[in-house]
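Colleague: Residue numbers (the numbering used here), protein chains in the order written: chain A, 452 to 899; chain B, 452 to 899.
Virtual Cβ for every residue (Gly too), placed ideally from N, Cα, C.
Before I ask anything, let me first share the structure, which is written out below as structure tokens.
There are 2 protein chains.
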Amino acid sequence: MTAREDQTLSAVEDALSGGSLTDLRAVLGPLSPADVLSVLERLGRKDQAVLYRLLSKDVALQVFEGLDAPLQSDLLSGLRDDEVTSLFAGLDPDDRVSLLDELPAKVAGRLLRGLSAPERAKTAEVLGYPHGSIGRRMSPEHVAVRVETSVADALARVHAHLDDAETVYTLPVVDAGRRLVGVVSLRDLLRAGPHEAVGSVMTAAHWVEATTPAETAARECADRKLLALPVTDADRRLVGLLTVDDALAVLEAAESEDAARAGGTEPLRRPYLSTPAATIVRSRVVWLLALAVGASLTVQVLDAFETTLEQMVVLSLFVPLVIGTGGNTGNQAATTITRALALDDVRPRDVLRVLGREARVGLALGAMLGAVGLCVVALLYGTQVGLVIGLTLLIVCTLAASVGGVMPLVARSLRVDPAVFSNPFITTFVDATGLVVYFLVARAVLGL
Amino acid sequence: MTAREDQTLSAVEDALSGGSLTDLRAVLGPLSPADVLSVLERLGRKDQAVLYRLLSKDVALQVFEGLDAPLQSDLLSGLRDDEVTSLFAGLDPDDRVSLLDELPAKVAGRLLRGLSAPERAKTAEVLGYPHGSIGRRMSPEHVAVRVETSVADALARVHAHLDDAETVYTLPVVDAGRRLVGVVSLRDLLRAGPHEAVGSVMTAAHWVEATTPAETAARECADRKLLALPVTDADRRLVGLLTVDDALAVLEAAESEDAARAGGTEPLRRPYLSTPAATIVRSRVVWLLALAVGASLTVQVLDAFETTLEQMVVLSLFVPLVIGTGGNTGNQAATTITRALALDDVRPRDVLRVLGREARVGLALGAMLGAVGLCVVALLYGTQVGLVIGLTLLIVCTLAASVGGVMPLVARSLRVDPAVFSNPFITTFVDATGLVVYFLVARAVLGL
């Protein structure tokens, strides 16, 4: 299927560069909305607008729904006001809110005012929850059933909402006060006798509060293998439902963010090929400058030990090796713990267990690397230099693994993204301390 | 809910360290299978076995189904043969295959022989697909309907399979030759009249072949927001169904692997706290040694330029800064492209577009950093050294971004995990070439 998509893309690109709208229309004609989507996500902003306006009306709406909010926002800027208003009204309330977050406040306000009163009310409900909370990503359009209802009546409710509910496969069960008391799957309803009460066929519910961070809620939905996770207020009253496809979108964005931060950049939020180069530069330059400022620490450390360096220029040969190995060991530990945190395998209260394990692991790694370093360097540059390198690697690895393991937990406790605090900053910290260790060991062993 | 889980874990740990099985049983009694799971995933291997044997029989099976295959395998080694056989028979065919992949061949063979003939046949079917393909992860237990069937008959089939099918919400539609012709959702069936033909209410199917890499298929399922994705053979005959929860598990494992490789370790495959320290050491030591061997290149480069270093010891002060900045720039590019590859936003055939963008981005970043470096270093160490640093940063950033952006695409073309090839190896490569650039620039500018 990928080969077919590639052919389609080539045909679209040819038509675009040829400038013939007739050709372009002919290429687009037979494509499904999903095919159009995968083409759109690989074009620049101007080409996207040209292509989008050639789509038939129903395909256009489906394609628009499938785009991520930043791309939706890009596209809107190229359309007429009436087109924008009708596209916006066609979205689900949760998708509307994601888009509103991307738009300038003035445009957002105008769009909201253009909605019908009931649609505006539903949208405002979702808008009321804090940024980054699951309240913003849940769907208020679900089918809840009362616990005392009969299975037959519950199935009738399902039939009545086949067209408008986000899902009919998981139904939250509530009491007279709209408090969540359980969930029932459509499968269980179909299996039960029509006169049984919903309360007797439902199962215990997992749920999250609407103020829960979106990533935590989405991870809960995924870990429990649920098709939908009920969302409640602080009094356990039902306010919405998180469906598994929305949970997946939340997790994918969170993982892109983690990956980007671990690599020392900001996440792009748009597909790479449709992101302008200037945006890419902006996503990287602040990190790069911050890290360079951190790296200037190493210049100061080396400056402080300049006399030692002048006495033994051979020591400068191993500077990149020593700090590189320290950085690698620290990054390994940080990567493992950051991932374990994201998967909820480890929590900040485990800090001592993590420190204990990482110190032991670092010591073991340092012993192995140090032994190799000692032998090889002793052979090539003499026993004393070998001893310096071996001892330094032993200490630096132990230190780096401990710091690397603990840092993400500290970040989480401080409510900072653990990925921000981890790899690049650990490298900087370990670089500077590693050099101090190196020169202190060298002075002691060589008697300088 | 997390606070409650923490309390439960403390209670279990207290009971375990107290050695009182009665206490432990009392703590476990009221727990749901999901609660038990989250406790188990945070214990060491011995404690896991103790706790598991105290569970009631039905809770035990549910807990076992919820564990990842490596933990299942750990647990089996602590149980009696008859317990093992009955647990194994209770699993779904696809879960059985994941577990078999973890077990020694002898144990696996014995377990397979212990199955009933029809269960063994279903398992063998899944086992027949190549490692890492979606054929191994799909469920053969689905409900397919024939295209000419009436909606009423299709619903009757759903009712008949409520207990054994993996899902009844997405039904693949097939022709007389079992070739996939569409899918129909339970929602669509409920909405349609009973006498309509399934063929008139079904929609076009997305599907994948059973030999497709598991990650590609899972990404397809997630991107298209499908609850289930049909899996076919090369002739488009239906052989299974990938459900969204299994797709999620595949994606989570793939992302753990990417994160680990990008950080220079092997993925652990078990929750961090229940992984023995020796396993953690093993997951890191090979990478660390390989990277240290790579880093020995920097020793050789510095050795080659030792006379230059002796003439100008001040040059050695900036070695960590120069290689660090190059490494960071390269890692940023590699991280962005590796993620874009995972999300299918970029493909190997885009290599020239990526190279063009990254060269421009690297040049822009290098110009900014170089300008800052030039000014600061010129102020502190004189104009000539400042010029060396500024020029070096300009060249190194351009080079590093280009190499970092292209490397993951090359890796993908060579069918190597792009994450393996990327961050740590780029650092090593950029470190060595960066040093060569640095000393060549220094010699030219300083006339050494």
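1. Leaving out the 5 sequence neighbours to the left and right, which residues in its chain are closer than 7 Å to residue 854 of chain A when beta-carbon positions are compared?
2. Give me the chain A residues within the contact set of residue 665 of chain B, using Cβ-Cβ distance strictly less than 8 Å, ordered along the chain.
3. Answer with buried or exposed for residue 593 of chain B, where buried requires no fewer than 16 other C-beta atoms within 10 angstroms of its C-beta.
4. On the DSSP bridge list, what partners appear for residue 611 of chain A?
5. Verify the CB distance criterion: does residue 699 of chain A have a CB-CB separation below 7 Å to chain B?
6. Could you check what DSSP says for residue 648 of chain A in three-state terms: helix, strand or coil?
7. My understanding is that residue 840 of chain A touches residue 769 of chain A, with C-beta atoms under 8 Å, so please give their C-beta distance in whole angstroms.
8. Between which two residues does the alpha helix (DSSP H) containing residue 903 of chain A stretch?
9. Under 7 Å between the Cβ atoms of residue 791 of chain A and residue 723 of chain B?
10. In whole angstroms, what is the alpha-carbon distance linking residue 526 of chain A and residue 574 of chain A?
11. Can you check whether the CB of residue 673 of chain B is closer than 7 Å to the CB of residue 698 of chain B?
12. Nearest-angstrom Cα distance between residue 629 of chain A and residue 689 of chain A?
13. Please report the distance separating the alpha-carbon of residue 749 of chain A from that of residue 775 of chain B.
14. Using only the alpha-carbon positions, how far apart do residue 810 of chain A and residue 712 of chain B sit?
15. Assign residue 705 of chain A to one of two classes, buried (16 or more other C-beta atoms within 10 Å of its C-beta) or exposed (fewer than that).
16. Does the structure place the stretch 601–621 of chain B close enough to the stretch 637–653 of chain B that three or more beta carbon pairs sit under 8 Å?
17. Using a Cβ cut-off of 8 Å, pull out every chain B residue sitting near residue 515 of chain A, in sequence order please.
18. Determine the direct distance from the alpha carbon of residue 540 of chain B to that of residue 506 of chain B, and round the result to whole angstroms.
19. For residue 452 of chain A, does the three-state DSSP call read helix, strand or coil?
20. Under three-state DSSP, which class holds residue 689 of chain B?
21. Which runs of the alpha helix (DSSP H), 4 residues or longer, sit entirely within the stretch 765–823 of chain A?
22. Give the DSSP-derived three-state secondary structure of residue 464 of chain B in the structure shown.
23. Does the count of Cβ pairs from the stretch 541–548 of chain B and the stretch 619–626 of chain B closer than 8 Å reach three?
24. Is residue 744 of chain A close to chain D? Criterion is C-beta to C-beta, closer than 7 Å.
25. Go ahead and pull the three-state DSSP assignment for residue 659 of chain A.
26. Between the beta-carbon of residue 888 of chain B and the beta-carbon of residue 849 of chain B, is there less than 7 Å?
27. For residue 601 of chain B, which of helix, strand or coil comes out of DSSP?
28. If you follow the alpha helix (DSSP H) that residue 527 of chain B is in, where does it begin and where does it stop?
29. With a threshold of 6 Å on Cβ separation, who are the neighbours of residue 669 of chain B within its own chain once the five nearest residues in sequence on each side are excluded?
30. When Cβ atoms are compared, which residues of the stretch 608–633 of chain A fall closer than 8 Å to chain B?
31. Under 7 Å between the Cβ atoms of residue 591 of chain A and residue 691 of chain A?
32. Could you please give the first and the last residue of the uninterrupted alpha helix (DSSP H) stretch that includes residue 623 of chain B?
33. Beta carbon of residue 748 of chain A: closer than 6 Å to some heavy atom of the ligand HEM?
34. Against residue 841 of chain A, what residues of chain B qualify as contacts under a CB-to-CB distance less than 8 Å, listed in chain order?
35. Under three-state DSSP, which class holds residue 481 of chain B?
36. Determine which residues of the stretch 762–777 of chain A have a Cβ less than 7 Å from any Cβ of chain B, and write them out in chain order.
Modeller: In terms of the structure at hand:
1. 781, 877, 880 and 881
2. Near residue 665 of chain B there are no residues of chain A at all, since even the closest Cβ is about 15 Å away, more than 8 Å.
3. buried
4. Answer is none; residue 611 of chain A lacks a bridge partner.
5. yes
6. strand
7. 6 Å
8. Missing from the structure shown is residue 903 of chain A; chain A here goes from 452 to 899 and no further.
9. yes
10. 21 Å
11. yes
12. Approximately 6 Å, taken between the alpha carbons.
13. 10 Å
14. Roughly 21 Å between the two C-alpha positions.
15. Buried.
16. Verdict: yes, contact present.
17. Neighbours of residue 515 of chain A on chain B: none; closest Cβ ~14 Å, over 8 Å.
18. 18 Å
19. Confidence at residue 452 of chain A is low in this model, with a pLDDT of 44, below 50, so its placement is unreliable and no value can be given for it.
20. strand
21. 770–793
22. helix
23. Because the criterion of three Cβ pairs below 8 Å is not met, the stretch 541–548 of chain B and the stretch 619–626 of chain B do not touch.
24. The question asks about chain D, but that chain is absent: this structure's protein chains are A and B.
25. strand
26. For residue 888 of chain B and residue 849 of chain B, no; Cβs fall outside 7 Å.
27. strand
28. 520–527
29. 698, 701 and 702
30. So the close ones are 609, 610, 613, 614, 619 and 620.
31. yes
32. It is not in any alpha helix (DSSP H) - residue 623 of chain B instead sits in the beta strand (DSSP E) that spans 621–625.
33. Ligands displayed in this structure: none; no statement on the ligand HEM is therefore possible.
34. Residues of chain B passing the Cβ test: none, with the nearest at roughly 12 Å.
35. coil
36. Taking 7 Å as the cut-off between beta carbons, the residues of the stretch 762–777 of chain A near chain B are 764, 767, 768, 769, 770, 771, 772, 774, 775 and 776, in sequence order.
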